[in-house]
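S.K.: Next up is a structure, given as structure tokens.
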Amino acid sequence: MKFILTPQQWILADLDPIEWQFLDLLPHVASGEDFSSDCQRRLYPDPIDVPAAERPKFAELVQDWDDYVRPDLQSDFTQARDQVSRDLALALARDAGFEFEADDEDDGEEDDWEFDFDEGDEDLEEPEDWDEEDEEGEDDDGEVPTQLIVDRSSAEAWYSTLNQARLLMNEAYDLAEAEERLSWGANGPTGEMNIEPARLYLLAQYDFYTALQSILIEAMMR
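For the sequence shown, position 71 (counting from the first letter as 1) is numbered 264 according to the working numbering, and the numbering increases by one without interruption.
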């Protein structure tokens with residue numbers, strides 16, 4: 194996969210099927226629908242961290258948080274996920290042959306930044322229990338988009354959605370500091386490691402989101 198930054202857009206090019214699959218799953222993962230309520234609370238941490246006996250002292254603060262801050266966060270998160278979903282839908286439409294004037298090669302400007310990185314998942318297989326019929330964003334012939342074009346103005350929405358997904362995944366599966374992840378190095382897992390396919394898939398998905406989030410930070414600061 195290549196990350197290309199132009200004056201008006203950022204582009205993920207040369208996507209392989211599993212990279213597209215990770216992208217396609219992103220809004221749903223970030224929604225938290227498949228996670229427990231305990232995991233979902235990770236997105237809305239308690240505004241205070243005090244012993245239970247002292248919580249009544251902060252009842253008004255907690256109530257204000259629930260009445261004003263939490264709804265705003267939920268709205269912001271939902272809007273970010275919706276933007277990501279729209280960008281993914283446009284990628285599918287372009288792949289199907291639809292053309293959009295807004296994509297006109299960035300007014301002829303040359304790319305001003307390009308980053309080519311290998312996630313190490315080219316040999317990664319889907320977990321055995323993966324149901325291809327439930328897979329979103331795939332054409333009837335099994336082909337998926339190999340390119341995603343996103344307006345630079347949407348970078349914040351993507352960053353937010355990636356962050357939501359990573360927080361939820363780590364809370365549910367303990368991925369950030371997982372021994373398997375920390376020991377496989379920069380080039381991904383090796384054949385010598387004994388990791389269950391479903392776990393390996395989660396680790397690769399989490400690493401993909403982490404890498405893309407890091408690239409967005411670096412690129413948008415330029």
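Beta carbons are placed, not taken as given, at the ideal position from N, Cα and C, and that holds for glycine.
Within the same chain, show all residues whose beta-carbon is closer than 6 Å to that of Q340, passing over the 5 residues directly before and after it, in chain order.
M.R.: A206
S.K.: Contact defined as beta carbons within less than 8 Å: I believe Q357 pairs with L208. What is the distance between those atoms, to the nearest angstrom?
M.R.: Not confirmed; about 21 Å, so no contact.
S.K.: Using only CA atoms, which one of P338, S407, G290, I241 lies nearest to A348?
M.R.: S407
S.K.: Just how far apart, CA to CA, sit A369 and Y394?
M.R.: Near 14 Å, if we compare the C-alpha coordinates of Y394 and A369.
S.K.: In whole angstroms, what separates the C-alpha of A371 from that of A365?
M.R.: 12 Å
S.K.: From the DSSP output, read off the bridge partner residues of W203.
M.R.: In the DSSP output, where bridge partners are listed per residue, W203 has L198, V343.
S.K.: Measure the alpha-carbon distance for Y261 versus L254 and round it to whole angstroms.
M.R.: 10 Å
S.K.: My understanding is that R345 touches Q202, with C-beta atoms under 8 Å, so please give their C-beta distance in whole angstroms.
M.R.: Between Q202 and R345 the Cβ distance is about 6 Å, and since that is below 8 Å, they are a contact.
S.K.: Which first and last residues belong to the alpha helix (DSSP H) in which Y402 is found?
M.R.: 390 to 413
S.K.: Drop a sphere of 10 angstroms on the beta-carbon of T354, count the other beta-carbons inside from all chains shown, and report buried for 16 or more, exposed for fewer.
M.R.: buried
S.K.: Would Q398 be called buried (16 or more neighbouring beta carbons within 10 Å of its own) or exposed?
M.R.: buried
S.K.: Tell me where the alpha helix (DSSP H) around Y352 begins and ends.
M.R.: 348 to 366
S.K.: Determine the DSSP secondary structure at F291, reduced to helix, strand or coil.
M.R.: coil
S.K.: Flag D227 as yes if its beta-carbon sits less than 8 Å from any beta-carbon of chain D, otherwise no.
M.R.: The displayed structure is made up of one protein chain only, and chain D is not part of it.
S.K.: Use the C-beta contact count for G225: other C-beta atoms within 10 angstroms, 16 or more gives buried, fewer gives exposed.
M.R.: With a threshold of 16 other beta carbon atoms within 10 Å, G225 meets it and is buried.
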